[in-house]
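**Student:**
Numbering (the working numbering), first residue to last: 69 to 129.
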């Protein structure tokens, strides 16, 4: 899904989010897999949609 390079208190972490659903996530931090519970059951943000292509201006009459 997503990969992040984080620095927390001067320590680097490579974080990969493998799955995210129903308030639970599977993440890999520096090569170690963790099952994570997200308080409040936060869901993944919806994927952004591309903007529609601009339409040509009508010709003057």
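Even for Gly, the Cβ is constructed at its ideal location relative to N, Cα and C.
(1) Could you check which residue in 90, 118, 84 has the C-alpha nearest to that of residue 102?
(2) Suppose you measure from the CA of residue 98 to the CA of residue 108; what does that come to, to the nearest Å?
(3) What runs of the beta strand (DSSP E), each 3 residues or longer, lie entirely inside the segment 74 to 129?
(4) Quick one, are the C-beta atoms of residue 95 and residue 104 less than 8 Å apart?
**Tutor:** Let me lay it out:
(1) Start at 1 with the first residue of the chain shown, and residue 102 comes out as number 34. The option with the nearest alpha carbon to residue 102 is 84.
(2) Walking along the chain shown from the start, residue 98 turns up at place 30. Walking along the chain shown from the start, residue 108 turns up at place 40. Computed Cα separation, rounded: 26 Å.
(3) Listed in chain order, they are 79 to 89, 92 to 97, 100 to 105.
(4) Locating residue 95 in the chain shown gives position 27, counting from the first residue. Locating residue 104 in the chain shown gives position 36, counting from the first residue. Yes, the pair counts as a contact, with Cβ atoms nearer than the cut-off.
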